[in-house]
Every structure is written in C-alpha cells, then in structure tokens.
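S.K.: Here it is: the structure, laid out below.
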Amino acid sequence: MTAQRREHLVYNNKEYYLTTEPLHLYLKDNNISFKCCTTNCWRGYVGYWSIEKNKLYLTDLKAYIENFQEVGLDYLFPDKKKVFAEWFSGEIRIPHGKMMKYIHQGYASLYETELFIKIEKGFVVDQYEIDNTHLYDDKAGMEARNMEDLIQAILGVKPRKIKPHKKKGILFRIIERMSNSLFKEK
C-alpha cells in the first residue's frame, strides 16, 4: 500500500498532518463511502480539522463520489461551515519534525516527534508528546515501532503487548518444535 495522504488539523495556530482518520467512524456508522481517486488516498477523502476551545471540529472535506465528482463538507452536513465531531473518541496522532524513516505503507513513516491528543466525544481530555530521536541509534527499536505502525495501518488497531506465559500450551510447543526443526535443516 502506498503512503497515504493525511488529514489536516489546525491546532494552537499551527497546521499539522494527522495519521488518524477521525471521520472514519462517522462514515462507517452512517454507511457512507467515497471513491478512491488515487493510490495515495484509498479512503477517497481528506478531512480538514481544527481544535478550538478544546473541541474537535471538521471544517472542510474534499471527497469523491461516482464518476470522480468532487464533493465538500455540505455533502455530509448541508449548510454547515464546521461540525463538532461528537462521534469521535480516541487518540489523534500527529507526527512532526524531521522524517527519520520513510515507509511506503499507510502512515508508517517515523518522525522525530509525535503529539497525541486524546479526544472523548469530540472534547480534548489529554495530550502528550513522544520524542523518537533516540530511535536514530536504535535500529531494532525503530523496526519494532515500524512494525506496530504497519499493523495499525493495515488492521486499523494498535497491537497490544502480550505478557508471556510461563506455561506453554501443547499447540504452541508443537509449532515451536516444527519451526525449530525447519530452521535447523537450512
């Protein structure tokens, strides 16, 4: 999958590009889909957002319907200049700073800094920032992070860390033995 065109957000008078699609759930719940017009935007739309007084708003939309006809915000919300995103709860991820590693897949490229804004029913409830510069020298850490991002881009869910169990099940032991024997033969 090609790296995807990102949603736009104006926050604290700065423009950012998201690796989150806050409109996705609204479209899914209302059985609305758009047509893909290019491989860098499989979802068929780009949302333009702002955070004002701790509220998330959809301020514009560029989307495509049948015959590649372009539509805007009024297609979803007639006569509205901006729409309070009460349907969205989750984290908005905003990578910024220097791109440390380009990944030609979804939103998997790694940047120096990532800002996370936690939203509940359209309201900002928390935010935090992560500094990724330590990953410049930690290639294994960078690869692990990229793998997590790939999984999230493909499946739409963030992978959970699973605690290792002391006791292995029979199926796990069989698979482990089979994989060990395959690697020993080569």
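So the working numbering is basically just the index in the sequence shown, starting at one, shifted up by 52. Quick reminder that beta carbons are idealized off the backbone N, C-alpha and C, glycines included.
Report, in whole angstroms, the separation of the C-beta atoms of A115 and Y127, which I expect to be a contact under 8 Å.
M.R.: 7 Å
S.K.: Kindly indicate the opening and closing residues of the alpha helix (DSSP H) around H76.
M.R.: 76-81
S.K.: Please list the terminal residues of the continuous alpha helix (DSSP H) segment that includes D239.
M.R.: With the chain represented from 53 up to 238, any question about residue 239 goes unanswered, as that position is not in the structure.
S.K.: Tell me the DSSP secondary structure of F175 in three-state form.
M.R.: strand
S.K.: Apart from the five residues on each side of it in sequence, which residues of its chain come closer than 7 Å, Cβ to Cβ, to E172?
M.R.: S141.
S.K.: Count the other CB atoms within 10 Å of the CB of E122; is the residue buried (16 or more) or exposed (fewer)?
M.R.: exposed
S.K.: Please report the Cβ distance between L108 and P130, rounded to the nearest whole angstrom; I am assuming they are in contact, meaning their Cβ atoms lie under 8 Å.
M.R.: The pair is not a contact, with the Cβ atoms about 20 Å apart (cut-off 8 Å).
S.K.: Look at Y100 and I169 and say whether their C-beta atoms are less than 9 Å apart.
M.R.: It is not a contact, given that the beta carbons lie outside the stated cut-off.
S.K.: Looking at C-alpha atoms only, which residue of L113, E181, E104, T111 is the closest neighbour of E143?
M.R.: E181
S.K.: Please work out which residues of its chain come closer than 6 Å, Cβ to Cβ, to T111, disregarding the five sequence neighbours upstream and downstream, and give them in chain order.
M.R.: Y100, S102, K134
S.K.: Please report the Cβ distance between Y78 and W139, rounded to the nearest whole angstrom; I am assuming they are in contact, meaning their Cβ atoms lie under 8 Å.
M.R.: 5 Å
S.K.: Decide if N184 is buried, meaning its Cβ has at least 16 other Cβ atoms within 10 Å, or exposed.
M.R.: buried
S.K.: So is G174 buried or exposed if we call it buried at 16+ other beta carbons inside 10 Å?
M.R.: buried
S.K.: Within the same chain, show all residues whose beta-carbon is closer than 7 Å to that of H11, passing over the 5 residues directly before and after it, in chain order.
M.R.: The structure shown does not extend to residue 11, since the chain is modelled only from 53 to 238, so the question has no answer here.
S.K.: I'd like the list of long-range same chain contacts for P216, defined as Cβ closer than 6 Å, with 5 residues on each side in sequence excluded.
M.R.: Annotation note: pLDDT 48 at P216 (below 50); position unreliable, coordinate value reported separately. Result list for P216: empty, nothing under 6 Å.
S.K.: If you draw a straight line from the alpha carbon of E164 to that of I146, how long is it in whole angstroms?
M.R.: 11 Å
S.K.: Can you tell me whether D183 is helix, strand or coil according to DSSP?
M.R.: Look at D183 here: in three-state DSSP terms it is strand.
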